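Asks: Shown below is the structure under consideration.
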Amino acid sequence: MKILKLLGLATAIVFSGVSAHAETELKLAHAAPDTDLQQTLAVFFKEQVKARTNGSVKVTIFPQGQLGNDQAMIDGARSGIIDIVMTGLNNLTGLVPDAGAFELPFMFPNRNLAYKVLDGEVGQGVSAQFTQHGLKMLGYPENGYRNMTNNRGPIRVPADVAGLNMRVNNSKALNDMFAALGANPTQLPVAELYTALETGVVDAQDHPIGIVLSFKFNEVQKYLSLTQHAYSALALAMNNAKFNGLTADEQKVVLEVAAEAVAMQRKLAQEKEASMIAELQASGTKVNTDVDAAAFQAAVKPVWDGYIAQNGDAVVNAILATQK
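FYI, the numbering for the sequence shown is -22 to -1, 1 to 302, going by mature numbering (1 follows the signal peptide of the UniProt record, and there is no 0).
Rendered as structure tokens:
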């Protein structure tokens, strides 16, 4: 009997120990190549979360769309198949239309104002709306200012866009913008874009500098015009139930590390942009900066009007008020 009792006690201790030191594994997925700053952010997040939770939370990274395209990853994060997704904020505006205000062309005249809005009361108000869709917003990393590339020639004025077969993402604002400029917008997943450019399915696209370089679009595009027509944020979002299942201390670590990772990635994006442009030029890309921004802003005003007519002006006005 004593032996049985001792065995029972030992078993209880073993299972108690397992329970006390249970590990949580988080799958983090994004669509960018592992050379992109999104992967840099993911690695920082992984290492710091593991270190600060003493290994109780471990993160496994799945870059380059290994777990599906952006929509599949978002669906996976909402259902819990994936724990954390990093994707363009534009991919989430169907769930929360208010987030579409951040995507409007020429909304943010500089990065610091974008950060102020995204990290402040307006951005947090939009973040809270994702909870009802099963997502806990951890932060808004930087995708960057979108610029146009094409194979026809430099883009300096709105008329230079007319007639281009322009690949667009699923942002309604950008689709409406390029339609207003006389281009032929074609929605394509970013994973299919290189081949589409190479084969002539489309002859132009718009992305931040880092994406142009990491996806090697410069190999199939001759001209880069620094139009900076829209600031593009990323979204770092976690399955809400998974987040709530963490201990209070683990939640605190995840939120703190996410904020630090976003700040680090934004800083690197700014610091590296000039060298990335130089690298594109060295590869043969013809870069022009003489863009008539005022003419473009006037030409795309109907995009703002259309957004406000459909969604109201509350978020737009709140953003503009923050910039004063």
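Don't be surprised by glycine CBs; every beta carbon is placed ideally from N, CA and C. Every value quoted in this text rests on a predicted model; they were computed, and no experiment measured them.
1. Curious, which full-length alpha helix (DSSP H) runs of at least 4 residues does the stretch 73 to 147 contain?
2. Where do the N-terminal and C-terminal ends of the alpha helix (DSSP H) with Val190 fall, by residue?
3. Leaving out five residues before and five after Ile286 in sequence, what residues of the same chain have Cβ atoms less than 7 angstroms from its Cβ?
4. Helix or strand or just coil, what does DSSP make of Ala151?
5. Output the distance between the C-alpha atoms of Ala241 and Thr164, rounded to the nearest integer angstrom.
6. For Asp154 versus Val265, is the C-beta spacing smaller than 8 angstroms?
7. Which residues in the same chain as Val232 place their Cβ atom closer than 8 angstroms to its Cβ, once the five residues preceding and following it in sequence are excluded?
8. Is Asn289 helix, strand or coil by DSSP?
9. Buried or exposed for Pro87, going by 16 or more other Cβ atoms inside 10 Å?
10. Got a sec? Which residues, its chain only, sit under 6 angstroms from Ala7 by beta carbon, not counting five neighbours each side?
11. Could you give the C-beta distance for Val95 and Thr300, rounded to a whole number, given that I count them as a contact under 8 angstroms?
12. Leaving aside the five residues before and after Lys302 along the sequence, list all residues of the same chain whose C-beta is less than 7 angstroms from its C-beta, in chain order.
13. Starting from Glu3, trace the alpha helix (DSSP H) both ways and give me its first and last residue.
14. Under 6 angstroms Cβ to Cβ from Gln248, same chain only, skipping five residues before and after it: list those, please.
15. Ordered along the chain, which non-local residues of its own chain (more than five positions away) have a Cβ less than 7 angstroms from that of Gly188?
16. Quick one: is Ser261 buried, meaning 16 or more other Cβ sit within 10 Å of its Cβ, or exposed?
17. On the premise that Asn289 lies in contact with Asp76, defined as a C-beta separation below 8 angstroms, what is that separation, rounded to the nearest angstrom?
18. Here's a check: name, in chain order, each residue in its chain whose Cβ is nearer than 7 angstroms to the Cβ of Gly160, leaving out the five neighbours to either side.
19. Can you give the Cα-Cα distance for Gly284 and Glu1, rounded to whole angstroms?
20. DSSP beta-bridge partners for Phe40?
21. Between which two residues does the alpha helix (DSSP H) harbouring Gln229 extend?
Replies: Let's see:
1. 89 to 97, 99 to 107
2. 187 to 192
3. Val294
4. helix
5. 33 angstroms
6. no
7. Val27, Val35, Leu116, Met216, Phe221, Leu224
8. helix
9. exposed
10. Phe40, Leu45, Met51, Ile60, Val63
11. 5 angstroms
12. none
13. Premise fails: Glu3 lies in the beta strand (DSSP E), 2 to 8, not in any alpha helix (DSSP H).
14. none
15. Asp14, Leu15, Gly122, Ala247, Met254
16. exposed
17. 7 angstroms
18. Val139, Ala140, Gly141
19. 48 angstroms
20. Ala7
21. 226 to 260
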